[in-house]
Amino acid sequence: LITDRWMIGRKYFCSGFFFVDVISVFPGELLVSLIEPELASQARVVKLLRLVRLGRLFKLKRLLLLIEEKLHITLQMMDMLKMLLKVIFIVHLLACLTFLVATPLCPDSSMGPC
């Protein structure tokens, strides 16, 4: 078990996940509004920038491997759990896509009822 904070920080920085986390929490809407104000008024384009945050899900694989090793879960049980999580994630993505497609875009570029 590593308890040295500097060593943990250095390993986190060098692993590449630091940059994924920085990009995922960076306010893309602000950057777009500074570069191209007309483009920022379109809510759908700004929402697409949020897809960068999905990069944080790459950590999920490492977490699943850790759980599998530490809890001594059988391979079949772990496969079922992985399949269930994948199905839930796909259902979530489809619900988000349905919301994005079904939400009307008002003339003043505001979301919601016109």
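Just so we're aligned, residue -14 is where the sequence shown starts under the working numbering, counting upward by one.
Glycine included, each C-beta is placed from N, C-alpha and C at the ideal position.
Keep in mind that this is a model prediction, so the values were computed, not measured.
| message | Can you give me the C-alpha to C-alpha distance between THR88 and ILE75, rounded to a whole angstrom? | response | For THR88 and ILE75, the distance between alpha carbons rounds to 20 Å.
| query | Could you check where the alpha helix (DSSP H) with THR83 kicks off and where it finishes? | reply | THR83 -> alpha helix (DSSP H) spans 60 to 87.
| Simplified DSSP assignment, three categories, for LEU(-14) | In this structure, LEU(-14) counts as coil in the three-state DSSP scheme.
| query | Straight-line CA distance for THR59 to LEU69? | reply | Rounded to whole angstroms, the gap between the alpha carbons of THR59 and LEU69 is 15 Å.
| message | So MET63 and GLU53 are supposed to be a Cβ contact under 8 Å. How far apart are they, rounded? | response | Their Cβ separation, rounded to whole angstroms, is 5 Å, which keeps MET63 and GLU53 in contact under 8 Å.
| query | What's the C-alpha gap between HIS57 and LYS44? | reply | Rounded to whole angstroms, HIS57 to LYS44 spans 20 Å at the Cα level.
| field | Three-state secondary structure assigned by DSSP to GLY1 | value | Collapsing the DSSP output to three states places GLY1 in coil.
| field | Whole-angstrom distance between LEU78 and VAL72, CA atom to CA atom | value | In a straight line, the C-alpha of VAL72 is about 10 Å away from that of LEU78.
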